Every structure is written in C-alpha cells, then in structure tokens.
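S.K.: Input: one structure, supplied below.
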Amino acid sequence: MAEVLNRAFFDRSTLTVAQQLLGKIMVFGNAAGLITETEAYIGQDDPACHAARGKTPRNAVMFGPAGFTYVYFIYGMYHCLNFVTEGEGSPAAVLIRGLMLIEPSSLHLTGPGKLCRHLGITRDHNGIDIATSPFFYVKDSPFSPDFEATPRIGITKGQEKLWRFVVRG
DNA sequence: ACCCCGATCGTA
DNA sequence: ACGATCGGGGTT
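Structure representation (structure tokens):
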C-alpha cells in the first residue's frame, strides 16, 4: 500500500517538494487523482509569494509548520489550493494547479480555480493538516514523471523564476 | 473608510 | 484581448 506523505516530506526545500509532488496521489474525500502541475512560492524574497510582505490573517498558515493546506479566495470567484512547505517561520507553499482525477471519474482538472471548484475546496479547507487528516492527504506513488520547468502563471512579479512544474505528456 | 488589484477562467 | 466579481490589505 502506498504510504501517506508525512510532514517530513513537506518540510524540505519548496522546489524539491513542488517537483516531487508531481505524480503523487492527492485524496480529498472520495476524490483521488494524480498531481500534474505545481508552482512554488517561496518566502519573503519572492515578490509573487503572498508572504512577501509579512504575516497577515490570510497567509498566516504559511508561516506555520509544513504539511498544512493554504487555501485562499481570488478574483472574487475562485479558490486556490496550496500545501505549506518548509519549517515554522519560513513561509512557503506549493500551489496545486493540475490534477488527473482517477476517482470518482476520469477527468483532468487543469488550473487551480477549476480544480478547487470541481472538488468543492473552499476557505473552509484552509489550515488542514494533511499529514494527519483522514479525508485530505497525499499518497506516495510509483510514478516519478518527466516534467518541465516554466515561468509561473498569472503573476506580474517574479516572472523570471522557472518555478512552475508540469508533467510532460 | 476607501480603493486598488489579484497565484483565474470563459468568452470574444 | 477582456470582463466578471469581491475579499484582502495597504493607505488615508
């Protein structure tokens, strides 16, 4: 049986976590699928990171320990799902942008807004500990897919970083 | 209290 | 290329 990814998995370099999450199996309630696209947002020096200008009520969970969800509301109509990485006081997270659904149906969810909308992920799911939650977690998988690194989508600052990772094919 | 703008997406 | 839509956060 594939093991649930523990806190130590997320408590590492955000770039490493973002790359290694590709091909892993995300489980949310009865839904499960392979992660196909991620982006890294890393701390105070990354102008695109919500934590770049310090701790606020919205981004507070990023400043806590790794392995928690960070879900925020954007553009008046969408939610985006992240997993917090690195240790306490080191605010960083991986945005989940693509999920190849396996259960309950086969479907490729492309884009963070569509992904959350389809799964029903909202701000109610902010701050969940995916290292211990029985209904929201990530499982290891035998896949370690080829991927490419590109600029992150939809940002105006920090475009020079190739911190978006997409499974090839 | 106010105002600007955003880690998006569907339509044109 | 652009509009929908509204909460967050910095500024007054």
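Quick note, the first sequence lines up with residues -15 to 153 if you use the numbering used here.
A virtual CB, placed ideally from N, CA and C, is assigned to each residue, including glycine.
Because the structure is a prediction, the values reported are computed rather than measured.
1) Measure the alpha-carbon distance for threonine 40 versus phenylalanine 57 and round it to whole angstroms.
2) Going by beta-carbon coordinates alone, are alanine 32 and arginine 136 separated by less than 8 Å?
3) Considering Cα atoms alone, identify which of Glu70, Leu91 and Met84 is closest to methionine 10.
4) For histidine 63, count neighbouring Cβ atoms within 10 angstroms of its own Cβ and tell me buried if that reaches 16, exposed if not.
5) Decide yes or no for the touch test of the stretch 119 to 134 against the stretch 97 to 104: beta carbon pairs closer than 8 Å, at least 3 of them.
6) Does the Cβ-Cβ distance between alanine 24 and proline 75 come in under 8 Å?
7) Cα separation between leucine 93 and tyrosine 59?
8) Is the beta carbon of glycine 51 sitting closer than 8 Å to the one on arginine -9?
9) Ignore the nearest five residues each way along the sequence and tell me which others in arginine 107's own chain have a CB closer than 8 Å to its CB.
10) Identify every run of the alpha helix (DSSP H) within the stretch 95 to 146, keeping only runs that are complete inside it and at least 4 residues long; order them along the chain.
11) CA-CA distance, glycine 142 and isoleucine 112?
12) Between valine 78 and leucine 5, which are expected to be in contact by the criterion C-beta below 8 Å, what is the C-beta distance as a whole number of angstroms?
13) Tell me the rounded alpha-carbon separation between glycine 138 and methionine 61.
M.R.: So, from the data block:
1) 14 Å
2) yes
3) Met84
4) buried
5) no
6) no
7) 19 Å
8) yes
9) Val55, Tyr56, Phe57 and His63
10) 96 to 103
11) 28 Å
12) 6 Å
13) 15 Å
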